[in-house]
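Each residue of the sequence shown is one higher than the one before, starting from 2 at the first, in my numbering. Input: a single structure, listed below in structure tokens.
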Amino acid sequence: MSTRPKYFMYFPGNYRWSAAFVNMLGTAPFGGVDISELHQIGRLLEGKSGEDDEAWFGACVRVADTVRGHAETFSAAHPVSAAPFYLRACHYYQMGERFRTPKDARALDAYRKAIECFHRFVALSGTKIEIVDVPFEGNRLPGYFVPAHPLPSLPRPRGREGRGRPPCVVFFDGLDITKEIQFLRGVPDLVRRGIAVLVMDGPGTGEAIRFRGMPLRHDYEKAGSACIDYLETRGDVDAKRIGIVAISLGGYYAPRCAALDQRFAACIAWGAIWDYYGTWKKRIDAGFKASMSVPGHHIMWILGVDTLDAALKKLEPFRLDGVVQKMRCPFLVVHGEDDEQIPLQDAQALYEASGSADKTLRVFTAEEGGAQHCQRDYLSLGTATMWNWFEDKLVRA
2 MSTRPKYFMY
12 FPGNYRWSAA
22 FVNMLGTAPF
32 GGVDISELHQ
42 IGRLLEGKSG
52 EDDEAWFGAC
62 VRVADTVRGH
72 AETFSAAHPV
82 SAAPFYLRAC
92 HYYQMGERFR
102 TPKDARALDA
112 YRKAIECFHR
122 FVALSGTKIE
132 IVDVPFEGNR
142 LPGYFVPAHP
152 LPSLPRPRGR
162 EGRGRPPCVV
172 FFDGLDITKE
182 IQFLRGVPDL
192 VRRGIAVLVM
202 DGPGTGEAIR
212 FRGMPLRHDY
222 EKAGSACIDY
232 LETRGDVDAK
242 RIGIVAISLG
252 GYYAPRCAAL
262 DQRFAACIAW
272 GAIWDYYGTW
282 KKRIDAGFKA
292 SMSVPGHHIM
302 WILGVDTLDA
312 ALKKLEPFRL
322 DGVVQKMRCP
332 FLVVHGEDDE
342 QIPLQDAQAL
352 YEASGSADKT
362 LRVFTAEEGG
372 AQHCQRDYLS
382 LGTATMWNWF
392 EDKLVRA
């Protein structure tokens with residue numbers, strides 16, 4: 002029997018680096034990469050070991066610096082040219098930094114540059130994005146509010162005569178994704194369907210952990226409820242039509258939020274999670290030889306602990322059995338049949354346990370594409386499928 006992978010690996014035998022490369026490449030439809038720039042990163046890593054995350058960081062930051070330099074050259078006289086270069090530079094900085102833990106001064110400097118580049122993209126591109134802070138337990142969760150911008154050809158919602166406030170989707174990240182990287186996963190397409198998006202760094206991710214001291218926690222429903230509380234104060238969204246989606250480990254966040262706060266009107270688990278403690282117990286027992294998107298020590302940093310035993314203890318409540326049975330809103334579970342990080346059986350368990358009467362399990366196959374973790378191998382098909390579902394549940398219903 003052939004042991005060849007069912008997908009192309011840029012770094013043969015190195016799942017993590019190859020997965021990250023495909024993750025970057027998949028964002029091309031949304032402006033996340035230029036193939037020439039990505040090729041430069043690949044050439045700089047040629048012959049390097051997959052354990053050499055210093056080389057990964059250096060290659061990504063070197064190319065990010067070059068791309069940012071082009072943006073700065075263009076910005077004064079040609080902002081239209083500068084904006085997409087700032088967006089791609091942000092992406093390269095963050096994809097380089099995500100493998101660097103603990104977060105030393107060089108890592109945090111690269112991350113600050115990434116945020117600055119994204120804000121420059123917002124300022125120069127004409128894209129309507131509002132930088133927001135959501136009040137949360139005496140602190141604030143950082144996010145972006147992207148208003149609905151429906152295409153003129155979009156059918157009018159039934160029963161509303163096309164009037165009123167638009168629905169909104171809260172979009173949380175995962176274990177090692179950020180709100181800026183999430184934006185590159187289809188947000189521009191979602192707002193064109195008449196759905197606003199609140200793109201968030203939740204506890205344990207992005208700016209929330211790096212600059213605001215907010216580690217990962219199991220009771221993510223509190224962050225989800227804080228986002229609804231915030232959206233209810235705005236006059237430009239329909240608070241009765243708020244959906245939630247989250248990616249990768251977000252397959253734990255989103256269902257938990259929707260199950261424990263009945264104000265959510267629809268939920269997508271973009272990549273299922275069932276027993277996250279069990280997932281990491283297997284990874285640790287295997288000496289981190291399993292397919293993983295991050296270095297093994299990342300889990301200690303994100304949880305704010307010093308040992309793997311302490312990390313496992315913190316992960317014990319990261320289970321959805323006994324929680325998703327309380328869900329009542331429409332629910333979509335999206336998973337790849339060849340996902341090497343989270344087995345398909347976890348998606349099936351999550352789907353079967355959900356208490357929603359309106360639930361769907363969408364499994365992407367190798368033949369159609371999107372069979373890898375969170376559809377990284379056919380991102381645009383994955384987002385189109387999910388956003389169609391949100392459009393049906395929040396706009397057309």
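We put the CB at the ideal spot given by N, CA and C, even for glycine. Fair warning: this is a prediction, and the values are worked out from it, not measured in the lab.
| query | result |
| --- | --- |
| Per-residue burial, residue 44 [other beta carbons within 10 Å of its own, 16 or more giving buried] | exposed |
| Limits of the alpha helix (DSSP H) - the one that residue 114 falls within | 106-126 |
| Under 8 Å between C-beta atoms of residue 125 and residue 87 | yes |
| From 367, 375 and 390, residue whose alpha carbon lies closest to that of residue 267 | 390 |
| Beta-ladder partner(s) of residue 1, from DSSP | No answer is possible for residue 1: the residues shown for the chain start at 2 and end at 398. |
| Nearest-angstrom Cβ-Cβ length linking residue 64 and residue 93, presumed shorter than 8 Å | 5 Å |
| Beta strand (DSSP E) segments (min. 3 residues) lying fully within the segment 287-346 | 332-337 |
| Nearest candidate by alpha-carbon position, reference residue 224, set 83, 292, 396 and 206 | 206 |
| Enclosing beta strand (DSSP E) for residue 378 [first to last residue] | Looking at the DSSP string, residue 378 is not in any beta strand (DSSP E), and its letter there is neither H nor E. |
| Proximity to residue 234 [Cα-Cα], best of 136, 365, 174 and 395 | 136 |
| Alpha carbon of residue 320 to alpha carbon of residue 343, nearest angstrom | 14 Å |
| Buried versus exposed, by CB contacts within 10 Å (16 or more), residue 183 | buried |
| Nearest to residue 80 (by Cα), restricted to the options 289, 300 and 121 | 121 |
| Per-residue burial, residue 331 [other beta carbons within 10 Å of its own, 16 or more giving buried] | buried |
| When 181, 351 and 308 are compared against residue 254, the one with the closest alpha-carbon | 351 |
| Coarse secondary structure for residue 201, derived from DSSP in three states | strand |
| The segment 241-248 in contact with the segment 262-279 per 3-pair CB rule at 8 Å | yes |
| Whole-angstrom distance between residue 71 and residue 39, CA atom to CA atom | 15 Å |
| Nearest candidate by alpha-carbon position, reference residue 190, set 383, 398 and 346 | 383 |
| 7 Å CB neighbourhood of residue 130 in its chain, flanking five on each side removed | 123, 145 and 147 |
| For residue 119 and residue 150, the rounded distance between their alpha carbons | 20 Å |
| Continuous beta strand (DSSP E) assignments of at least 3 residues falling wholly in the segment 54-78 | none |
| Per-residue burial, residue 250 [other beta carbons within 10 Å of its own, 16 or more giving buried] | buried |
| Spatial neighbours of residue 35 in its chain, beta-carbon cut-off 7 Å, leaving aside the 5 residues before and after | 89 |
| Nearest-angstrom beta carbon gap, residue 78 and residue 142 [assumed within contact, 8 Å] | With 8 Å as the limit, residue 142 and residue 78 do not qualify as a contact, their Cβ atoms being about 37 Å apart. |
| Classification of residue 9 by the beta-carbon crowding that lies within 10 angstroms, buried from 16 upward | exposed |
| Bridge-paired residues (DSSP) for residue 140 | 137 |
| Best match in 394, 152, 340 and 97 for proximity to residue 56 [C-alpha to C-alpha] | 97 |
| Given residue 168 as reference, the closest of 153, 175, 152 and 192 once Cα atoms are compared | 192 |
| Distance, residue 256 Cα to residue 328 Cα | 8 Å |
| Cα-Cα separation, residue 306 to residue 293 | 20 Å |
| Three CB pairs or more closer than 8 Å across the segment 197-206 and the segment 170-185 | yes |
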